[in-house]
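For the sequence shown, the positions run 2 to 220 when the numbering used here is used. All C-beta atoms in this analysis are idealised placements derived from N, C-alpha and C, irrespective of residue type, glycine included. Here's the structure we're looking at; comments come further down.
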Amino acid sequence: MPTFIDLSHRIEPGMPSYPGLPEPRLDTFMTHGDASRQGDYVPGTTFQIATYSFGGNTGTYVDAPFHRHPQGADLADLGLDKLADLMAVRVVALEEGPIGLEAFRGVELAGKAVLIRTDWADRWGKPDYFRSGPFLPADTCRFLVRAQVALVGIDCANIDNMRDGERPAHTILLAAGIPIVEHLRGLDELPPGGFRFFAVPPAIVGGTSFPVRAFAIVG
Numbered sequence: 002m003p004t005f006i007d008l009s010h011r012i013e014p015g016m017p018s019y020p021g022l023p024e025p026r027l028d029t030f031m032t033h034g035d036a037s038r039q040g041d042y043v044p045g046t047t048f049q050i051a052t053y054s055f056g057g058n059t060g061t062y063v064d065a066p067f068h069r070h071p072q073g074a075d076l077a078d079l080g081l082d083k084l085a086d087l088m089a090v091r092v093v094a095l096e097e098g099p100i101g102l103e104a105f106r107g108v109e110l111a112g113k114a115v116l117i118r119t120d121w122a123d124r125w126g127k128p129d130y131f132r133s134g135p136f137l138p139a140d141t142c143r144f145l146v147r148a149q150v151a152l153v154g155i156d157c158a159n160i161d162n163m164r165d166g167e168r169p170a171h172t173i174l175l176a177a178g179i180p181i182v183e184h185l186r187g188l189d190e191l192p193p194g195g196f197r198f199f200a201v202p203p204a205i206v207g208g209t210s211f212p213v214r215a216f217a218i219v220g
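Here you go:
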């Protein structure tokens with residue numbers, strides 16, 4: 002039987018958030034008690050409605066090309082074929098600093114979601130999570146574009162070197178129409194290949210980035 006592996010962080014008030022971005026809020030618009038007093042439902046039938054407020058770059062999220070490029074596709078124009086039911090591979094790069102081409106040697110990449118396990122997710126909730134760790138330099142990103150990967154995901158705070166203001170990974174990958182998924186978790190539970198990956202956001206017109214329930218199906 003197939004195994005479903007959740008690769009996302011939970012979204013809740015007080016969770017780790019990128020410095021300077023708003024923390025998520027959950028407010029109650031209508032409680033079960035409110036619904037019971039409205040008179041619209043029979044006794045015992047109630048509903049609760051919540052409202053949510055958070056930045057698009059919260060938790061585990063996908064970046065659309067519009068996040069970096071003014072003329073790039075937004076979340077609504079990002080095709081499902083780039084986000085769902087993708088054959089995927091998992092590579093390992095545990096050292097801080099640039100991730101070189103050697104991490105991808107011998108791996109079939111064309112048309113696949115490439116998930117990069119750095120184990121930086123083990124720092125989630127700790128003071129040093131939101132700093133530059135493993136990252137994709139420009140040469141590696143150009144290699145992935147030439148390899149025609151479908152999507153790139155990573156389990157750390159930023160796919161770029163956070164000290165590099167040019168942000169080459171976002172620039173190169175998103176210019177090629179390759180979605181980026183950041184803040185993944187649980188990549189140590191995945192095999193090197195032979196699984197499928199899903200990371201679908203709502204189709205928000207003008208949307209740049211948005212949290213996803215990223216998961217893999219193995220077997």
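Outcome for Tyr-42 when other beta-carbon atoms lying within 10 angstroms are tallied against a minimum of 16: With fewer than 16 Cβ atoms within 10 Å of its Cβ, Tyr-42 is classed as exposed.
Extent of the continuous alpha helix (DSSP H) run through Ser-37: Start and end: 33–39.
Between the CA atoms of Val-92 and Trp-121 - distance to the nearest angstrom: Near 14 Å, if we compare the C-alpha coordinates of Val-92 and Trp-121.
Alpha-carbon spacing of Leu-95 relative to Ala-85, whole angstroms: So the alpha carbons of these two residues sit roughly 27 Å apart.
Simplified DSSP assignment, three categories, for Arg-168: Coil, per DSSP.
Rounded C-alpha distance that separates Leu-81 from Val-201: Leu-81 and Val-201 have their C-alpha atoms roughly 7 Å apart.
Short Cβ contact (8 Å threshold) for Ala-177 with Val-146: At a Cβ-Cβ threshold of 8 Å, Ala-177 and Val-146 count as neighbours.
Neighbourhood of Asp-64 by C-beta, 6 Å cutoff - its chain only, sequence neighbours within 5 removed: When the five nearest sequence neighbours on each side are left out, the beta carbons in the same chain lying within less than 6 Å of the beta carbon of Asp-64 are those of Ile-181 and Ser-210, in order along the chain.
Beta carbon of Gly-175 nearer than 8 Å to that of His-33: Reading off the sequence shown, one finds Leu at residue 175, where the question assumed Gly. In this structure, His-33 does not lie closer than 8 Å to Leu-175 by Cβ.
Sub-8 Å separation of Leu-102 and Phe-144 beta-carbons: With contacts defined as CB atoms closer than 8 Å, Leu-102 and Phe-144 qualify as a contacting pair.
Anticipated Cβ contact below 8 Å, Leu-9 with Arg-186, distance rounded: Just to set this straight, residue 9 is Ser in the shown sequence, not Leu. Taking a contact as a CB-CB distance under 8 Å, the pair Ser-9 and Arg-186 counts as one, their CB atoms being some 7 Å apart.
Beta carbon of Ser-18 nearer than 8 Å to that of Thr-59: Contact annotation: Ser-18 and Thr-59 have beta-carbon atoms nearer than 8 Å.
Every unbroken alpha helix (DSSP H) inside the stretch 123–189 [4 residues or more]: With a minimum length of 4 residues, the continuous alpha helix (DSSP H) runs that stay inside the stretch 123–189 are 139–147 and 169–176.
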